[in-house]
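Chemist: Using the working numbering, the letters of the sequence shown correspond one by one to residues 15 to 227. Ideal placement from N, C-alpha and C gives every residue a C-beta, glycine not left out.
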Amino acid sequence: MTWRIHDVSMPVHHSMPVYKDKADKRPEFETKADFAESGLRESRAHVDAHTGTHVDAALHMMPGADSIDLLPLEHVVRPARVVDLSYVTGAIQVSDVEALNVHEDEFLLFKTANSKEDIFNPEFVYLGEAAAKWLAEAKIAGVGIDGLGIERSQPGHPTHKALFSSGAVILEGLRLHHIQPGTYFMVAAPLKWMGVEAAPARVLLLEGVSILS
Ligand SMILES: [Zn+2]
Numbered sequence: 015m016t017w018r019i020h021d022v023s024m025p026v027h028h029s030m031p032v033y034k035d036k037a038d039k040r041p042e043f044e045t046k047a048d049f050a051e052s053g054l055r056e057s058r059a060h061v062d063a064h065t066g067t068h069v070d071a072a073l074h075m076m077p078g079a080d081s082i083d084l085l086p087l088e089h090v091v092r093p094a095r096v097v098d099l100s101y102v103t104g105a106i107q108v109s110d111v112e113a114l115n116v117h118e119d120e121f122l123l124f125k126t127a128n129s130k131e132d133i134f135n136p137e138f139v140y141l142g143e144a145a146a147k148w149l150a151e152a153k154i155a156g157v158g159i160d161g162l163g164i165e166r167s168q169p170g171h172p173t174h175k176a177l178f179s180s181g182a183v184i185l186e187g188l189r190l191h192h193i194q195p196g197t198y199f200m201v202a203a204p205l206k207w208m209g210v211e212a213a214p215a216r217v218l219l220l221e222g223v224s225i226l227s
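1. In the DSSP assignment, the beta strand (DSSP E) including residue 60 goes from what residue to what residue?
2. Which residue spans inside the stretch 129–186 form an unbroken beta strand (DSSP E) run of at least 3?
3. Exposed or buried, which one is residue 74 when buried takes at least 16 other CB atoms within 10 Å?
4. Kindly identify the DSSP beta-bridge partner or partners of residue 21.
5. So, is residue 129 buried or exposed, given that buried needs 16 or more other C-beta atoms within 10 angstroms?
6. Roughly how many whole angstroms lie between the Cα atoms of residue 117 and residue 43?
7. Ignoring anything shorter than 4 residues or poking outside the stretch 32–56, list the alpha helix (DSSP H) runs there in chain order.
8. Between residue 96 and residue 125, which are expected to be in contact by the criterion C-beta below 8 Å, what is the C-beta distance as a whole number of angstroms?
9. Going by C-alpha to C-alpha distance, which of 173, 219 and 64 sits closest to residue 192?
10. Helix, strand or coil for residue 127, going by three-state DSSP, please let me know.
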C-alpha cells in the first residue's frame with residue numbers, strides 16, 4: 015500500500031501565532047517535575063481551547079448548543095476537499111464559493127494566502143457572511159480555513175452562526191502551504207474536552223488511502 019500522511023497542524027509553542035497576538039493566549043508548558051529532582055519529566059499545559067489548529071463546537075457561538083465532546087467523529091474523520099483560494103484578499107465571497115462546484119455533504123478546506131505566512135496577520139483572509147450562508151444552504155458538512163479565525167470584524171459573528179445553524183463543522187488554524195488541491199481522507203479528531211466549546215486537534219490529510227476508492 016502506498017499512502018502518505020500530510021500533517022496540516024500548527025506547531026504549538028509559546029511564540030506561535032495566536033489570535034490578535036494577545037499575550038494571555040500564548041501557550042505555556044510548565045515543568046512540574048524534572049530529572050534532577052524527580053528522575054522524570056512531567057509538564058502541565060496552559061492552553062487556550064482555540065490554540066493553533068482546532069475544531070470549534072456550536073457552543074462557541076450559541077448558548078446551550080453542543081460542546082466539542084459531543085461532535086460525532088464521523089463529521090471530522092472523513093473525506094475532505096482542499097480548494098485553492100489563494101487569490102482572495104479580505105473576505106471570501108459568494109462568487110468564490112459558487113465557482114467551486116460544491117456538493118451536498120462535502121467538507122471543504124480553504125487554502126488561502128494565510129498559509130503563506132506564519133504570523134498573526136490582522137488582515138487575514140476569512141469567510142464572509144454571505145458566502146457562509148451560501149455554503150450552509152448548499153448543506154456542506156464542514157469548512158476548514160488556514161487562518162486562526164474563520165471570520166473577523168463581523169459584528170455578531172454571522173459566519174460562525176450560519177455554519178453552526180446548518181450543522182456544519184468549523185476547523186481553524188490549518189497549515190496548507192504544502193498541500194495540493196484535491197480530495198484527501200481527513201483525520202481531525204479534537205481532544206475530548208468535556209463541556210468545552212472548542213479543542214485543539216492534530217489534523218492529518220491522508221493521500222492514496224483505499225477508503226477513497
Ligand atoms: Zn475557534
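Modeler: With the given structure in hand:
1. It spans 56–60 - the beta strand (DSSP E) in which residue 60 sits, taken as one unbroken run.
2. As far as the stretch 129–186 is concerned, its whole beta strand (DSSP E) runs of at least 3 residues are 156–159 and 183–186.
3. It counts as buried.
4. The secondary-structure analysis by DSSP pairs residue 21 across a beta bridge with 218.
5. Counting Cβ neighbours within 10 Å, residue 129 comes out buried, since at least 16 surround it.
6. Rounded to the nearest angstrom, the two C-alpha atoms are 42 Å apart.
7. Counting whole runs of 4 or more residues, the stretch 32–56 contains the alpha helix (DSSP H) stretches 49–52.
8. Between residue 125 and residue 96 the Cβ distance is about 6 Å, and since that is below 8 Å, they are a contact.
9. Closest by alpha carbon: 219.
10. Under the three-state reduction of DSSP, residue 127 is assigned to helix.
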